Every structure is written in C-alpha cells, then in structure tokens.
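Participant: Residue numbers (the numbering used here): 9 to 320.
Beta carbons are placed, not taken as given, at the ideal position from N, Cα and C, and that holds for glycine.
Note that the structure is a prediction, hence the values are computed from the model and not measured.
One structure, as structure tokens, below. Some questions next.
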C-alpha cells in the first residue's frame, strides 16, 4: 500500500447507480486516514476495498446533502463495533450541527467511539499535526458547504553523499536534524550544508460548489486535487443553477492553480459515458487527469523536486 494515496469509495452524485456508490473518499497520508464525505453504503465499500475502519483518524464533511453524509451512522457504529480506541475528530460546517447530531446518534448501539466534534466556523486551519495543516474554506453551494486542503510544511532532506563527505553518520545525523548544526571532525557543519529543500505536499478536496475564489485557493499548487465534475459543459446552466461544476470548469481550476494530478468525481447519473469527462477536461488541462471509479486507488504524485512555482 502506498504511503500516500486516495482510496475512492464512491463517485455518484445525488443517487447511487449500478456502477457508482454514493460519495466516499479515504485519503491515506502516512499514518493518517482522512475520510471525506461518506455517503450511504460507505461501510460496505470499506469491506470491498479491503480497508479496516480503524484506518480512519479524521472525518471531514463538506455539507449535509445526503450523498455526502448518510454513511456517517454506519461509520460511527463500526468504529464502536471494532473497538477503535483512537479519537476520530469530525469536521463539518457549524451551521449543520443539528444534522451531525442526528447522524451521530441515528440508532441504538453500544456507543464507545470517541468522535470529538470540531465544527468549521470560519475559513482557515481546523487541525494540525505530523500530517501538516488541515484547512477549510467556505464554498458556493445551495447550502452551507466547505472544501478542505491539507498542506505539509516545507522541510529539508539529507543528501547521503554530503553526509559522507562531512563524516556524519549514525546518531550524529539525528542530532544534526534536531539541532540544525553539529561539530564533527573539527568542523562546524550546518544542516543546510548536507541537505536540500524538500517541498511539502498538498492535497485539496472540493465538492459541491459553483466557481468561486475559494475553489482556486483550495486547489493552489495541489499535488492531488479531488474535485466534483457533476455536469458536462453542455449543461453549464444546470450546473450553475444547482450549485455545481462542470468537467471543463474543474479542469480550468486545475490549469490555473498549478495542480499536478486532477481527480474528477461526483458524476450525474444522466451521463452514460464517463470518457466524456476526461475528454472535456483535457481540452483545458494538459496534466494528469483521472476519472474516478469506485474502489480505485490513486497515489499522490511523487514530491516535486524543487519548490513549486507561485500560482498564476
């Protein structure tokens, strides 16, 4: 299993189809497992994907339309049934507190899951840890909705040849990492002399919304952007009316935001041929395009070799 990958649990919008489950996206990010928008049937999709519910460390809801949250009761009950001991903080738009409470306690069960509630009140960071910083921004949908962005801080990585040149090995490497400098062999060696910049990685999750500034802010320089493409351009008026994006608009965001891998999802059941979404997106975005399918595993691209350029 890749250290950083997206497991797609469902890709349908509004209603599931024969081939697409309701939404559900599990981002595995080193030791963290962030579950985004679990729709109806998510618990079973975990089984089909071969992933235990214990991999979930955090729950992130964008809004409270059913295709993005009806799986919450099953997920929470499974956390209790499996005896998952670690806390699973839940993020969601603060205005939907009533709905989250209903979902959290939707039925009778032996409730021992630790699910701290962390409502999103305003734009900005909502959590931080070894995984980086998780941010949220308000989107433009028919109800209150937010998008999420995970940002890993920039760091440095050691260059083995330089460590050898300066005679640094074993515990001295860890000391240099901690202290930023070390005296070895009569020389004072700084961390910058034996390492190179290591750009942090970025992940963005954008669901139901019209085009707005927040979409671009979330997608800025994302290594992996998961974004709704409910409609095709031929139905752009419908998309705007219902508060959604087209595949062309999603690709436009990727092209203008320096995105490396674009994942299109949340497809309307009116379209039979998913290849049309790729074709439309490719007209404006020449990067890596993935048309999401249920149970697909999509790796986060390898780190950039240099600092990412500034957004246009």
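In chain order, what residues of the same chain have a beta carbon less than 6 Å from the beta carbon of residue 189, not counting five sequence neighbours either side?
Facilitator: Taken in chain order, the residues that qualify are 198.
Participant: Kindly indicate the opening and closing residues of the alpha helix (DSSP H) around residue 179.
Facilitator: Counting along the chain, the alpha helix (DSSP H) containing residue 179 begins and ends at 179-187.
Participant: Less than 8 Å separating the beta-carbons of residue 48 and residue 65?
Facilitator: Not closer than 8 Å, so no.
Participant: Keeping to the same chain, check which residues put their C-beta closer than 8 Å to that of residue 298; ignore five residues upstream and five downstream.
Facilitator: Here the set comprises 269, 270, 271, 272, 304, 306.
Participant: Quickly, what does DSSP pair residue 306 with across the bridge? List them, please.
Facilitator: Bridge partners of residue 306: 14.
Participant: What separation, rounded to the nearest whole angstrom, lies between the Cα atoms of residue 261 and residue 30?
Facilitator: Taking the straight line from one Cα to the other gives about 24 Å.
Participant: What's the gap between the Cα of residue 191 and the Cα of residue 161?
Facilitator: Answer to the nearest angstrom: the Cα atoms are 27 Å apart.
Participant: Using only alpha-carbon positions, find the residue among 112, 126, 88, 139 that is nearest to residue 118.
Facilitator: Ranking 112, 126, 88, 139 by Cα distance to residue 118 puts 88 first.
Participant: Measuring CB to CB, does residue 230 end up less than 8 Å from residue 258?
Facilitator: Not in contact: residue 230 and residue 258 (Cβ atoms no closer than 8 Å).
Participant: What is the DSSP secondary structure of residue 312, counted as helix, strand or coil?
Facilitator: If DSSP states are grouped into helix, strand and coil, residue 312 belongs with coil.
Participant: If you run the structure through DSSP and keep just helix, strand and coil, what is residue 261?
Facilitator: Helix at residue 261.
Participant: Between the Cα of residue 85 and those of 75, 68, 51, spot the shortest distance and give me the residue it belongs to.
Facilitator: Minimum Cα distance to residue 85 is reached at 51.
Participant: CA-CA distance, residue 75 and residue 103?
Facilitator: For residue 75 and residue 103, the distance between alpha carbons rounds to 18 Å.
Participant: For residue 184, which residues in the same chain have their Cβ closer than 8 Å to its Cβ, ignoring the five residues on either side in sequence?
Facilitator: Around residue 184: 176, 190, 197, 199, 202.
Participant: To the nearest angstrom, how far is the alpha carbon of residue 283 from that of residue 246?
Facilitator: Approximately 20 Å between the Cα atoms of the pair.
Participant: Counting pairs of Cβ atoms below 8 Å between the stretch 146-165 and the stretch 215-224, do you hit three or more?
Facilitator: Taking 8 Å as the limit for Cβ pairs, the verdict is that the stretch 215-224 does touch the stretch 146-165.
Participant: Excluding the 5 residues flanking residue 60 on each side, which residues of the same chain have their C-beta closer than 8 Å to its C-beta?
Facilitator: Once the five neighbours on either side are set aside, the close Cβ partners of residue 60 are 54, 90.
Participant: Specify the secondary structure class of residue 203 as computed by DSSP and reduced to three states.
Facilitator: Here residue 203 sits in strand by DSSP.
Participant: Can you tell me the Cβ-Cβ gap for residue 125 and residue 139, rounded? I've got them flagged as a contact below 8 Å.
Facilitator: Residue 125 to residue 139, Cβ: 20 Å. No contact.
Participant: Output needed for residue 26: all residues of its chain with C-beta closer than 7 Å, excluding positions within five of it in sequence on either side, in chain order.
Facilitator: No residues qualify anywhere along the chain.
Participant: Return the Cβ separation of residue 241 and residue 288 in integer angstroms, given the expectation that the two are a contact with Cβ distance under 8 Å.
Facilitator: Confirmed, Cβ separation roughly 6 Å.
Participant: Between the Cα of residue 309 and the Cα atoms of 233, 98, 56, 301, which residue gives the shortest distance?
Facilitator: Residue 233 is the option with its Cα nearest to residue 309.
Participant: Please list the segments of the alpha helix (DSSP H) lying wholly inside the stretch 206-230, counting only runs of 4 or more residues, in order along the chain.
Facilitator: With a minimum length of 4 residues, the continuous alpha helix (DSSP H) runs that stay inside the stretch 206-230 are 221-227.
Participant: Give me the Cα-Cα distance between residue 122 and residue 63, rounded to the nearest whole angstrom.
Facilitator: Cα-Cα distance, rounded: 14 Å.
Participant: Only counting the same chain, and skipping five residues up and downstream in sequence, which positions put a Cβ closer than 6 Å to that of residue 92?
Facilitator: These residues qualify, in order along the chain: 62.
Participant: According to the neighbour-count rule (16 or more other Cβ atoms, all chains shown, within 10 Å of its Cβ), is residue 300 buried or exposed?
Facilitator: With 16 or more other Cβ atoms within 10 Å, it is buried.
Participant: When you compare the CB positions of residue 254 and residue 275, do they come within less than 8 Å of one another, or not?
Facilitator: No, the Cβ-Cβ distance between residue 254 and residue 275 is not below 8 Å.
Participant: Mapping DSSP to helix, strand and coil, what is residue 162?
Facilitator: Coil at residue 162, not helix or strand.
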